[in-house]
Amino acid sequence: MDNLLWLIPVSPLAGALLLILAGNRMSKAAIAFVGAGSICLSAILTLVVGFNFLSNTPPTGIMSQTLWSWFEVANFKPEITLYLDALSLVFIFVITFIGALIHIYSAGFMTTDKDYSRFFACMNLFVFSMLMLVLADNLLLLYLGWEGVGLCSYLLIGFWHESHANGYAARKAFIITRIGDTAMAIGLFLLFYQFGTLAIPDILHKAPESWSNGSSGVTIVALLLLAGGLGKSAQLPLQTWLPDAMAGPSPVSALIHAATMVTAGVYLIARMHVLFELSPIAQTTVAVIGAVTLFIAGFSALTQYDIKRVLAYSTISQIGYMFLALGVGAYSAAIFHFMIHAFFKALLFLAAGAVIEALHHEHNMFKMGGLKDKLPVIFWTFLIGSASLAALPLLSAGFYSKDQILWYAWAGEGGNPWLWLLALLGAFITAAYTTRMMILTFWGESKTTVSHKPGKLMTVPLIILAFFALFGGFIELPHNFAHFTLFSNLLQPVLPLTKLNVNESSEWLFQLIAAIATLSGIALAYFFYSRQPMRLAGLRTNGAFNSLYRFWHSGWGFDKAYDTLLVKPLVYVSRANKHDIIDRIYSGITTASLTFYRWLSLTQTGSLRWYVMGLIVGAIIILTMQIML
Amino acid sequence: MNGISINMVMILAAILFILGIAGVIIRKNIIFMLLSVEIMLNASGLAFIAAGAKWAQPDGQIMFIFILAMAAAEVSVGLALILQVYHQHQSLDIDKLKEMRG
């Protein structure tokens, strides 16, 4: 077969099936080979297929491969079709490449775990589902991948299921994303009702003809799809599951909650961008939610003491940037930031996992310190990742991607000064909490001793990711630096170019402002955590500041709000209904018929005279009725 | 002979029938109940004969021969059963034979 596209998702699926069926009979080396090898195979195939696609691009810009027809009911015939264009190429490159590195890392990280094969089976299944999500030609197949990643996220967050807290975190993640999934399913029903098909190219072609700009139909569908994206991407108001999802192993956090699953919402909105363009309300909602989320999550990240929770809130914040970019119409900037974010966030999570392992499961940053000299490789890779996250000017890849979003938030078609201001403050806070994290973990006196250093399997992926976090940004330079825009040229057939409202010449001013914001954030954290750490303790004695600090720490009280508004009433109602009112109706029918039966059985006396009497009375009644009627 | 109207014969048959029913209900001994059933059979046979005489057809007489034959068979089987009942329970009181209560 000359088209190898189908092998890319099938390879992890085969790996997962093999590990599910024969995992506990295989040796550790074999499990690691199958688990990591299947994703490495997918990565190599992605490079081959991608190179092929880029060198002889089909005229339509699309390479699709129909495997078989799923089912056919009335006129609805969804097919298992894999659809490769520039957008899905970027996504499968990120998923397989970063996935392969994370799998190699996990081969080292999870060595001492007794459920080695179950881990790799779930991870492979996850990569398969995510690949199906981005390669799907129709929304039903996308929904298959969507649900699959939700399931695997549940399985992997609750991987260490002996602890009840992990199971609770996994259930919380699943239930909250389920709310988004339900909204998305309703959106799919409405789309099918309108168009009679769920094939994405057809919908995107027919949408401008069926719906006028700003009509209520397209707005409702777009908002429902957005709600689905909010659940999976942990944005307001469905963001509370992601910090608790850090209960899972670090490779899981890196793969699912940094690079891939949480970007499914970004993919959905980018893919269905025609619908969002037809509905300005929905697009504005996307931008506003993105901006507010990134602002809120930044403050929460500033107050956390668990290193993984800082990174979790940071992920929520960065995906807020992507949503903001999608909302103002800067699609290629959003996807560019997605790719760069995937690299540095995966790097940060893997490095944090290595630090936690080296300190023997110590998560609290305030108990770390002085690791700069003890764990040099991790220190340098973590530093590069943090520089990218904080968007260190000119050097790191994060600068180029985040700066683009900031510029388009001001200058783009849907841009707005308030959005730009929120994003700028968010960048300031990002730099601050990133520096805080670095200082607390690596500088200062060491409060916990290193028990063992990580091996090669764990450090080599870190180095590779650090390379990309450093140099990945250079493929898309801003317009005033040079005319070198490889990335948006790649995506141009799929996603429209961003239109500007403002004169292009003022771009250097905004880059300067963004750079100043980053540097002042770094300076602020340096002042409070390195120079004068006593100041912060002094500030916290102030009651108002302390309660604000604790409010930020609890994620702006969302968990408590949901608990009081939704969880407690539901638990109360289900406790009151312990004997199930609806069930009582059905058992009432049973009781009534049993009572009637007991009454009737009293007439069976066994006495012959009684029966004869019955016969005679009946005969008399019938005769009487005959005479009367 | 022609002066007896069919109504009179039917009323006689009805009275005999009701007497039979009364006997079935009132009597305690099974043999007397069987006797009362015989009276009911004979009453219905009388009704058939009267109808056959009215319409001057032999069907009434034929019916009565059927009834007679059937009554004979029934009595033989019934008496055999009564013998068995007495053998098992040593009593022919209908109020004592209540084993099939449900």
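From first to last, the protein sequence lines stand for chains A and B. Here this note's numbering = 1-based position in the first sequence + 21. Here this note's numbering = 1-based position in the second sequence + 865. A virtual CB, placed ideally from N, CA and C, is assigned to each residue, including glycine.
By the criterion of a C-beta distance shorter than 8 Å, Trp464 of chain A is surrounded in its chain by Gly390, Gly391, Lys393 and Ser551, once the five residues flanking it on both sides are discounted. DSSP lists A:Asn385 as the beta-bridge partner residues of Asp327 of chain A. Sorting A:Met84, A:Ser85, A:Ile29 and A:Leu75 by C-alpha distance to the C-alpha of Ile60 of chain A places A:Ile29 at the top.
Linking Asp958 of chain B to Phe913 of chain B through their CA atoms gives a straight-line distance of about 34 Å. Judged by DSSP secondary structure, Ile101 of chain A falls within the beta strand (DSSP E) whose first and last residues are Glu100 to Leu105. DSSP lists A:Asn159 as the bridge partner or partners of Ala220 of chain A. Rounded to the nearest whole angstrom, the CA to CA distance from Trp529 of chain A to Leu586 of chain A is 47 Å.
Separation of Val295 of chain A and Phe449 of chain A (C-alpha to C-alpha, rounded to the nearest whole angstrom) is 33 Å. Within the region 612-637 of chain A, those residues whose Cβ lies closer than 7 Å to any Cβ of chain B are, in chain order, Ser622, Gln625, Thr626, Gly627, Ser628, Leu629, Arg630, Val633, Met634 and Ile637. Taking a C-beta cut-off of 8 Å against chain A, none of the residues of the region 927-939 of chain B qualify. Partner residues in the beta bridge of Val94 of chain A, as assigned by DSSP, are A:Phe97. Pairing Arg139 of chain A with Gly350 of chain A, the inter-Cα distance amounts to about 42 Å.
With the rule of 3 Cβ pairs closer than 8 Å, the region 608-618 of chain A does not count as touching the region 359-366 of chain A. Taking the C-beta atoms as reference points, Gly171 of chain A is found no nearer than 7 Å to Leu110 of chain A. Taking a contact as a CB-CB distance under 8 Å, the pair Val633 of chain A and Ile890 of chain B counts as one, their CB atoms being some 6 Å apart. Approximately 15 Å separates the beta-carbon atoms of Pro264 of chain A and Arg192 of chain A; this is outside 8 Å, ruling out the contact. Bridge partners of Glu497 of chain A according to DSSP: A:Thr506.
Excluding sequence positions up to five before and after Thr336 of chain A, its CB lies within less than 7 Å of the CB of Leu263, His278, Ala279, Val283 and Lys366, all in the same chain and listed in chain order. In this structure Leu103 of chain A is in contact with Asp158 of chain A, their Cβ atoms being roughly 7 Å apart against a cut-off of 8 Å.
Listed along chain A, the residues sitting closer than 8 Å to Val889 of chain B by beta-carbon distance are Val633. Listed in chain order, the non-local C-beta contacts of Ile317 of chain A below 6 Å within the same chain comprise Trp577, local neighbours out to five positions each way being set aside.
Residue contact check for Arg892 of chain B against chain A: no CB pair falls below 7 Å. Burial check for Val594 of chain A: the Cβ neighbour count within 10 Å stays below 16, so the residue is exposed. Within the region 428-462 of chain A, complete alpha helix (DSSP H) segments of at least 4 residues are not found at all. Rounded to whole angstroms, the Cβ separation of Ala490 of chain A and Ala418 of chain A is 6 Å, and the two are in contact under 8 Å.
Residue environment: Gly639 of chain A is assigned as exposed (fewer than 16 neighbouring CB atoms within 10 Å of its CB, all protein chains considered). Inside the region 507-553 of chain A, DSSP marks whole alpha helix (DSSP H) runs of 4 or more residues at positions 507-512 and 528-547, from first to last along the chain.
In this structure Thr462 of chain A touches Met386 of chain A by the C-beta definition: roughly 6 Å separates them, less than 8 Å. The alpha-carbon of Met151 of chain A is positioned some 43 Å away from that of Phe566 of chain A.
The beta-carbon separation of Leu122 of chain A and Gly201 of chain A, rounded to 28 Å, does not stay under the 8 Å limit for a contact.
Selection A:Phe297, A:Gln304, A:Phe549 and A:Ala373 evaluated against Leu404 of chain A yields A:Ala373 as nearest (Cα-Cα). Annotation: the continuous alpha helix (DSSP H) that includes Met649 of chain A extends over Leu629 to Met649. In summary, no residue of the region 867-878 of chain B has a CB separated from any CB of chain A by less than 9 Å. Here Asn24 of chain A is exposed: its Cβ has fewer than 16 other Cβ atoms, across all protein chains shown, within 10 Å. The beta carbon of Met965 of chain B falls within 7 Å of a beta carbon belonging to chain A, placing the residue at that interface.
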